[in-house]
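Worksheet: one structure, shown below.
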Ligand SMILES: Nc1ncnc2c1ncn2[C@@H]1O[C@H](COP(=O)(O)OP(=O)(O)OP(=O)(O)O)[C@@H](O)[C@H]1O
Ligand SMILES: [Mg+2]
């Protein structure tokens, strides 16, 4: 169909919005896929850091106990719970908290805790989330409420975090989907009379628990919401699902396909949806001090070496730019007036 | 190591900046191309180092929404990368905008042309609204035109989502001449209707070839609207006198649209009227607008490739640039951003086209009331 000659209304197609989102396209994995990504990330990181150790001092990596992928996940999980604490302190809306949690998880699908400690990344992820959810707070107000934190601690990592998120800032949340189910239920023709708010609160707590799990990286927000709702009240969840999916096979969703998925989500929430044991995390963190990437430790030999190399590259680039600019100026066929006003010599910072 | 930074560097290398083509309040825009394909693009470089709170909200909004929205009538964000202290947005390159076209007096618009631009605007806007996004800065200058004639909604620096009904929002949005009365009266709970009002103003401007409601201040804007459309009664717009910044500005009678838009068809005026209804809840939605008889009646919309384009005949001296900037500085402002409307000109071709446009600026605008 030629959309240009069609009437305007004909081009309006009702494709499901979530399926067009960056979350659906780029941030959903199978459980195995997720495990593979983390294994590989961990392998590559360990190999690189081992190499850095060896360059620094041969033999020095042999008795370092590097973290494995599961230990990395455990450490990140502790900082997911810290995001909640900070959000409570700042009284940020739920949207901010849920978004920051997603950012932190996504960040560690691209990076390792041995390079970037979650205690720093968490602060940046949360600050970024206040902005991307349109709840901005000044950096000064933010850092002044967090002990031992300078503005630069937050800002220095902002680009890295944004890059790791692939600049995809929109996150679809299960707590919103849950609210949708709740509103839906109230408008059902045979709406149950006993819709006590405590049902909703219980379900919401399950959704919050799900934030400590991998659920959002595997399942859709509505699947998580329905699973949480079904944990609070299986009968009402069924009633809602029936009203939604029966007689509506067009979207490929049926009760038969949905309920097995809900079981998987529930299992995951019950198994993983709680804060990690402090002792276990402390042990991981203690070992991290010994195996973190020395290139990221200010003052170390490897750190200095890397900086020198970067400075050299930048210098090279500046020289190249200047010589190109000079060439352009002396070009007898150049547009003399425009080249001076329109080529930006001034900002060679790119 | 640092796969993320390496990936960023690879992206950066893929987009070559060729020359500066414009400058906005917080960004420099370059014409560039994709290294591998030669595809022409625009690279919008936003300086971030200057902001004490890091990435600023306009940049964040623009990236956030454009990353999700893919539609023929919404500008396409091809890539994003960072470079030291800059954020770079790679956008599809768009030759001109509707403001330039409206102001190019060498162009004649047929009713079918206007219908085509309106259809594309409503399609793009319907898509935004369907995705729960309010644009909040629609004006001819933010409707860019591709070389194939397609119109693209651009500049999402003031956009926001409205998934939460009853959520308090700022009323300091939308450039004054395109700002609806509920915002001028300080309304903090609003919705998609604000964008529709702007589209109504653009619709009228396409027919008049000058801004329809050019108020000189926020207060004067309300008066300008009422002078054109009549002071609303409580029945026209229930509850408006209770809005936070409500002030009575006098009684003006409603002049029939027909008196000003003498050549327009009945369908045209009916749709225009529905975009400019005072009561926001009664204002037409983008979806309903697309189903309006206007779009089904003759003449059918012009094919985008056949729409009028900016001419490139005259050669103007460079000092026109300054004159243009000057004139724009007195244009309508948005308090929320306090951005100037400065637009620097670039290639000789664009320069010519835009100069013609700017010369016929608002100084000559006739009064909007008959
Ligand atoms: N996609 C594009 N293709 C071609 N040129 C563009 C594109 N986007 C922007 N430009 C040019 O760059 C100029 C600056 O654009 P930008 O969006 O930064 O600012 P603006 O909208 O003009 O002003 P402000 O930032 O104050 O709103 C535009 O006026 C236009 O000339
Ligand atoms: Mg603009």
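Protein chains in written order, with our numbering: chain A, 53 to 402; chain B, 992 to 1361. Ideal Cβ placement from N, Cα and C applies to all residues, glycine included.
- DSSP links residue 1152 (chain B) through a beta bridge to B:1124.
- Nearest to residue 244 (chain A) by alpha-carbon distance, out of A:199, A:207 and A:295, is A:295.
- Taking the CA atoms as reference points, residue 1001 (chain B) sits about 46 Å from residue 1195 (chain B).
- If you ignore the 5 residues before and after residue 1124 (chain B), its C-beta comes within less than 6 Å of the C-beta of 1056, 1150 and 1152, all in its own chain and listed in chain order.
- About 6 Å separates the beta carbon of residue 1198 (chain B) from that of residue 1252 (chain B), a gap short enough to meet the 8 Å contact definition.
- Pairwise C-beta distances place the region 1029-1042 of chain B out of contact with the region 1089-1104 of chain B, as fewer than three of them are shorter than 8 Å.
- With respect to chain A, the C-beta atom of residue 1154 (chain B) has a partner C-beta closer than 8 Å.
- Taking the Cα of residue 76 (chain A) as reference, the smallest distance to any Cα among A:281, A:372 and A:268 is reached at A:268.
- A direct Cα-Cα distance of roughly 14 Å separates residue 1010 (chain B) from residue 1025 (chain B).
- Between residue 363 (chain A) and chain B, the shortest Cβ-Cβ separation is not below 8 Å.
- In terms of Cβ geometry, residue 176 (chain A) and residue 151 (chain A) do not form a close pair [threshold 8 Å].
- CA-to-CA, the gap between residue 1182 (chain B) and residue 131 (chain A) works out to about 37 Å.
- Using a CB distance cut-off of 8 Å, residue 994 (chain B) counts as an interface residue toward chain A.
- The Cβ atoms of residue 1039 (chain B) and residue 999 (chain B) lie no closer than 8 Å to each other.
- Straight through space, the alpha carbons of residue 158 (chain A) and residue 79 (chain A) are spaced by roughly 8 Å.
- In this structure, ligand 1 has no non-hydrogen atom nearer than 7 Å to the beta-carbon of residue 1042 (chain B).
- Annotation for residue 1013 (chain B): the continuous beta strand (DSSP E) segment containing it runs 1006-1014.
- At least one C-beta of chain B is nearer than 8 Å to the C-beta of residue 214 (chain A).
- Residue-level contact by beta carbon holds for residue 1058 (chain B) and chain A, with a gap shorter than 8 Å.
- Unbroken alpha helix (DSSP H) runs of no fewer than 4 residues, entirely contained in the region 1081-1123 of chain B, are found at 1089-1094 and 1102-1121, following chain order.
- In this structure, residue 1070 (chain B) has its beta carbon at no less than 7 Å from each heavy atom of ligand 1.
- Fewer than three pairs of CB atoms, one per stretch, sit closer than 8 Å, so the region 1161-1176 of chain B makes no contact with the region 1242-1256 of chain B.
- For the region 200-266 of chain A, there is no continuous beta strand (DSSP E) assignment of 3+ residues that stays within its boundaries.
- Between residue 157 (chain A) and chain B, the shortest Cβ-Cβ separation is not below 8 Å.
- If you look at residue 1024 (chain B), you'll find it isn't in any alpha helix (DSSP H); it sits in the beta strand (DSSP E) that goes 1018-1025.
- The Cβ atoms of residue 195 (chain A) and residue 213 (chain A) do not sit closer than 8 Å to each other.
- At a cut-off of 8 Å, the C-beta of residue 1045 (chain B) has a neighbouring C-beta in chain A.
- Looking from the CA of residue 292 (chain A), the closest CA among A:236, A:69 and A:202 belongs to A:236.
- Counting only runs of 4+ residues, the alpha helix (DSSP H) found wholly inside the region 64-88 of chain A occupies 69-72 and 74-78, in chain order.
- No heavy atom of ligand 1 is found nearer than 7 Å to the CB of residue 1291 (chain B).
- Setting aside the 5 residues that flank it on each side, residue 220 (chain A) is surrounded in the same chain by 74 and 78, each with a C-beta closer than 7 Å to its C-beta; the list follows chain order.
- Taking 9 Å as the upper bound on Cβ-Cβ separation, chain B lies near residues 218, 219, 220, 221, 222 and 228 of the region 218-237 of chain A.
- In terms of CA proximity to residue 1053 (chain B), B:1079 leads the group B:1079, B:1042, B:1075 and B:1044.
- For residue 121 (chain A), the uninterrupted alpha helix (DSSP H) run begins and ends at 121-142, by DSSP.
- For residue 1055 (chain B), the nearest beta carbon of chain A is closer than 8 Å to its own beta carbon.
- A Cβ-Cβ contact shorter than 8 Å links residue 1103 (chain B) with residue 1290 (chain B).
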